[in-house]
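Chemist: Pasting in a structure now, in structure tokens, and then I'll have a few things to ask.
2 protein chains.
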Amino acid sequence: MLKRFFPIFDWLSTYKKEYLPGDLFAGLTVGIMLIPQGMAYAMIAGLPPIFGLYASLIPQVIYAIMGTSRQLAVGPVAMDSLLVASGLGALSLSGIDEYVSMAIFLALFMGAIQLFLGVLRMGFLVNFLSKPVISGFTSAAAIIIALSQLKHILGIDIAGGNRIQIVFKNTFDNISDINWCTLCIGLVAIVLIKGIKKVKKTFPAALVVVVLGIVLMYFSGWSTIGVKIMGEIPQGLPKFQVPNIEFSRISELLPIAMTLALIAFMEAISVAKAVAEKHTDYELDSNQELIALGTSNIIGSLFQSYPTTGGFSRTAVNEQAGAKTGIAPIISAIIVGLTLLFLTPLFYYLPNAVLAAIIMVAVFGLIDVKYPMQLLKSRKDEFALLLITFLITLTVGIKEGIILGVLISLIVVIYRTSKPHMAVLGRIEGTNYFKNINRFNTNDKEREDVLIVRFDAQLFFGNKDYFKKRLQKHILRKGLSLRTIILNAEAINYIDSSATHMLMQLIDELKAKKIRLIIAGAIGPTRDIIFSSGMIDKIGLNNLFVRTYEAMDELDGKEEKTKIQEKISQQTKSAV
Amino acid sequence: MLKRFFPIFDWLSTYKKEYLPGDLFAGLTVGIMLIPQGMAYAMIAGLPPIFGLYASLIPQVIYAIMGTSRQLAVGPVAMDSLLVASGLGALSLSGIDEYVSMAIFLALFMGAIQLFLGVLRMGFLVNFLSKPVISGFTSAAAIIIALSQLKHILGIDIAGGNRIQIVFKNTFDNISDINWCTLCIGLVAIVLIKGIKKVKKTFPAALVVVVLGIVLMYFSGWSTIGVKIMGEIPQGLPKFQVPNIEFSRISELLPIAMTLALIAFMEAISVAKAVAEKHTDYELDSNQELIALGTSNIIGSLFQSYPTTGGFSRTAVNEQAGAKTGIAPIISAIIVGLTLLFLTPLFYYLPNAVLAAIIMVAVFGLIDVKYPMQLLKSRKDEFALLLITFLITLTVGIKEGIILGVLISLIVVIYRTSKPHMAVLGRIEGTNYFKNINRFNTNDKEREDVLIVRFDAQLFFGNKDYFKKRLQKHILRKGLSLRTIILNAEAINYIDSSATHMLMQLIDELKAKKIRLIIAGAIGPTRDIIFSSGMIDKIGLNNLFVRTYEAMDELDGKEEKTKIQEKISQQTKSAV
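Residue numbers (our numbering), protein chains in the order written: chain A, 16 to 591; chain B, 16 to 591.
Given below as structure tokens:
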């Protein structure tokens, strides 16, 4: 029990000495990465940079204790920060102090939702995010995040907005105010990071440009000609403080907190899964992940942390640098803690444009072109889904994009089950196979007195009318000589009450026309429903068969149903 | 083409003389019913009674020309009227004139939506309303409608509200103001209608109580002691008038118009279907129904009609009275027209309580107790769905009830496909049947080197992880001696791109463990996907089989795959 909720007891008791070098190196690398990234992401969220460091401290320690992934790096991430900014930007707040306390309360709120969902074992919810939706959404969000940094790179004021057309319009309206020094710093920083990454991937390129940027600003004095710098950053660890907001705000924050809780979880679980596939020494538990991430956010919020989750880039670095257990994030947290205690004055001269450059490089890596191209070739429908999610996220909004994407993919699934494949079967000459007559050029023509159909989906309220309509068309086509219908039910995996009702009615109608209905190949759960719903009294035990050819043989008087066939065709749960 | 969009040309050209008596009698009966009903429903909608008569005039004539049902009686109905009242009640309007013009505009708006959906062939949408949801919603709406008439029966003022708890509270707050004469009239009217209906079902009981009510009020003079009467009703046909409202109102009205369009369509199509089952001389086309109902509302709105649709009660009466074609509603419309021209002064003394009594009797007939009881016995899950829809409609709102009901039923369907049935199969001794080892006490134990599983649903983004997880558990259970996995794919009716990706990865992983994956019994559409997605290169042609036992026979070296088996197992659309 203890191990289930605190997996640390699991790996700490079996910790091996040879893990330590990897954990140490990974912890140091991620810790150093976190300092500029944390400040940069806080900027995306519209918060003072120090809050990015606060968010890099407590949550990852809690996750190290409770999480089931041993490489996931928890902390501030770009997507969450953007959601915070777009969510809080829409409210009317009195000033930066209220903004900060709302952001911290959001961490508590989303954490509580995640914990709640985890306890209720709702981790399966994340299954409803299909790959095309995630891909379209991530690419669009990356573009929006990059655009949100344009103002820092160009050194101009661009009014907020998360829609691409508005950002472009506002940018062009102010294009004449560009600060060329700022733009230079930004572009050089981008080129440098890209260059360093090309030479050696695990090198802390961000840290290099941060140091260079600080040195440049310190000596050049450009801050007097409009190049924006960080300015004073408070020293010391975050204080313990219960987040408090007006009670009336809770209903306003609920939709933002829900979106954050789900999207943050999705991001964390998908990267954790990708990494877990390379490691065989542990298994992910998506419900425990919800609990761990939720608790990280709740406890984090008590120490001034804004919403956090497991991020793509740092987790990848953590894994590549050799992290084996939760020791690595604890080391990272120590690095961040030391920085907060002693090093914040060093960042006084850090130009904003450098942080913006770090963000831009990071998120452009998230834009996926290969996968959409692949879909365009083989699955036009799923490509369309990706494109719609992408365009709505870009032009309408972040929340709208993900919600509509999920809704559309669910509707597609439902639509597919509402008009499923239905085939007329015929015997392939000289065999016991009954196959779709439209696919197989069977010489054996369809018999006039028998109609064999296979229905390839569950029978439920969404397709019962479709089933009946299609069946009636076939009956009409066959004309008056039709005596028997064999329904091959191998692919019918469920029958709900609406469909049961329809089937009973159908059997009565067929009986009036003196047509016999045979059900062949019903699987266990379907047999259970046929018996428990009382449908069996309408169908009759003698009309259940295991295989289509056995029904045909009996019809033709060739062979009787054997005892064993009878037993199998009538087996149900209650009968065992 | 003409006949498709104007089915009147279809039946008018083949009109038989023997249809006429039925059509005439039905038209007269429904016309006489319409007069009190129309006025009563207008009252539910919060409109002056005359608008109920206007709505009974043009729409049913248009439907007679364009509809595919030959018995559906179109006009004002209780549910739509309630939706109009609850939708417009939530807006801040300047007075009754604006209220009326908004209601008429709603008819235009919902008609346009229906026409649009019909042209796009979206009639299948109505399939998503499952029986439990419809039943729970209808019963709750009937109760809400009946409660909305309480104020007329009690003769007191009850502030609006569509939630049962608010109506009860407001009623008890004003209970001391009851007008006992009004209450008497109402109760007597209810008993009378019930009594007459018991004796003879098709007798226009409503008309009788209307006449009695008018006579009573004329001679008693009770209108001076607070019994409310209709008062002056304008004479003459509705004028042609294009509905106009402020453009800015459109976005406010959109959700109401959408709900109206869909619920009205649902009501009409379900009653039309029920009636069509008794008649073999025509077929319903749900898309043409959308077009016909939409056009009825659009043209109706140009002649001051508020939202209309095909109603339950009048359609039943129309059919029982012998209506065979659209001649019947044309007769009804003439009756209503004559009333508007000459008879409106007669209704001056009609007490409101009588109309309220007519409504109450009508809607209590819609409350369904039998069906929920039946579900409670055999399908607890669907009963819960019905109950939730019922309670939300009663206590939260009409719109919320239907929307949540539909959403929950879709989620249930998705949930079912996200964790489908998966069985481990074993050979039943001495046969070629492979069945669920947990259902059949096969003596033949599961073999150590072969794992046979059947997965009973489409493989898609929502269940691919579930599939993999379950399969891996079985693989782990089998241990190192496992050499072959046979996936019985008979019930897998689709594989989407996310699942394809998962399968390809899985095959690679299995190959690394030297485990062979065989797919047996894939149906046509699945074979198409296996080939077109390139999955076949990973699987290998030799690993496709038609039946599980054939794969086993080959594994055991008993029998080679025959030419015909090979051909069937590899058949795809492109290959034919």
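We put the beta carbon where it would ideally sit given N, CA and C, even for glycine.
1. Below 9 Å on C-beta distance, what does S433 (chain A) contact in chain B?
2. Per the contact definition of three or more C-beta pairs closer than 8 Å, is the region 34-42 of chain B in contact with the region 60-72 of chain B?
3. Touch check for the region 511-519 of chain A and the region 484-499 of chain A: three-plus C-beta pairs under 8 Å?
4. Apply the 10 Å Cβ neighbour rule to Q52 (chain A) and answer buried if 16 or more other Cβ atoms are within range, or exposed otherwise.
5. The beta strand (DSSP E) spanning F449 (chain A) covers which residue range?
6. At what residue ranges does the region 394-458 of chain A contain a whole run of the alpha helix (DSSP H), taking only runs of 4 or more?
7. Give the straight-line distance between the Cα atoms of R442 (chain A) and Y509 (chain A), rounded to the nearest whole angstrom.
8. By the criterion of Cβ-Cβ separation under 8 Å, what are the contact partners of G477 (chain A) in chain B?
9. Could you tell me the boundaries of the beta strand (DSSP E) in which V465 (chain B) lies?
10. Would you check if there are 3 or more beta carbon pairs closer than 8 Å linking the region 95-110 of chain B to the region 260-276 of chain B?
11. Check for me: the beta strand (DSSP E) holding N503 (chain B) runs from which residue to which?
12. On the premise that L87 (chain A) lies in contact with Y78 (chain A), defined as a C-beta separation below 8 Å, what is that separation, rounded to the nearest angstrom?
13. Specify whether the region 154-172 of chain B and the region 314-331 of chain B touch according to this definition: at least 3 beta carbon pairs, one from each stretch, less than 8 Å apart.
14. Using the rule of at least 16 other Cβ atoms within 10 Å of the residue's Cβ for burial, across every protein chain shown, is N557 (chain B) buried or exposed?
15. Let me make sure I understand the geometry here. Which of A:W26, A:L144, A:G241 has the alpha-carbon closest to that of D192 (chain A)?
16. Would you mind working out which of A:Y564, A:A535, A:E524 sits nearest N447 (chain A), comparing C-alpha positions?
17. In terms of alpha-carbon separation, which member of A:R531, A:V257, A:E292 lies closest to Q520 (chain B)?
18. Among the candidates A:E261, A:I345, A:I168, whose CA atom is the shortest distance from the CA of M375 (chain A)?
19. Mind the definition here: the region 138-151 of chain B touches the region 307-326 of chain B only if three or more C-beta pairs lie below 8 Å; say whether that holds.
20. Go through its chain and collect everything with a Cβ distance to Q164 (chain B)'s Cβ below 7 Å, but skip five positions before and after it.
21. A506 (chain A) versus chain B: which residues are under 9 Å apart at the beta carbon?
22. Using a Cβ cut-off of 9 Å, which residues of the region 479-490 of chain A contact any Cβ in chain B, in chain order?
23. L502 (chain B) CB to nearest chain A CB: under 7 Å?
24. Which whole-angstrom value is the C-beta distance of N333 (chain B) and A348 (chain B), which I expect to be below 8 Å?
25. Going along the region 271-293 of chain A in order, which residues come within less than 7 Å of chain B, judged by CB to CB distance?
26. What is the rounded straight-line gap between the Cα of A279 (chain A) and the Cα of I119 (chain A)?
27. If you check the beta carbons only, do V224 (chain A) and V369 (chain A) fall under 7 Å apart?
28. According to DSSP, which residues form a beta bridge with A535 (chain B)?
29. Give me, in chain order, the residues of the same chain whose beta-carbon lies closer than 8 Å to that of L108 (chain A); leave out the 5 immediate sequence neighbours on both sides.
30. Using a cut-off of 8 Å between C-beta atoms, extract the partners of S547 (chain A) located in chain B.
31. Is DSSP giving T340 (chain B) helix, strand or coil here?
32. Evaluate D471 (chain B) with the Cβ neighbour count: other Cβ atoms within 10 Å of its Cβ, from every protein chain shown; 16 or more gives buried, anything less gives exposed.
33. With the cut-off set at 7 Å, would you say S433 (chain B) and N478 (chain B) are in Cβ contact?
34. Would a C-beta distance cut-off of 7 Å place P147 (chain B) and L400 (chain B) closer than the cut-off?
35. Identify the contact partners of S592 (chain B) in chain A, using a Cβ-Cβ distance below 9 Å as the criterion.
36. Can a CB atom of chain A be found closer than 7 Å to the CB of H436 (chain B)?
Modeler: In brief:
1. F139, N142, F143
2. no
3. no
4. buried
5. 449-451
6. 395-410, 413-433
7. 26 Å
8. N142, F143, S145, V428
9. 465-470
10. yes
11. 499-503
12. 7 Å
13. no
14. exposed
15. A:G241
16. A:Y564
17. A:E292
18. A:I168
19. no
20. A371, I374, M375
21. D471, E505, A506, I507, N508, I538
22. K479, D480, Y481
23. no
24. The Cβ separation is near 13 Å, so there is no contact.
25. none
26. 15 Å
27. yes
28. B:N503, B:F560
29. Y114, M117
30. S393
31. coil
32. buried
33. yes
34. yes
35. Residue 592 (chain B) is absent from the structure shown; chain B starts at 16 and stops at 591.
36. yes
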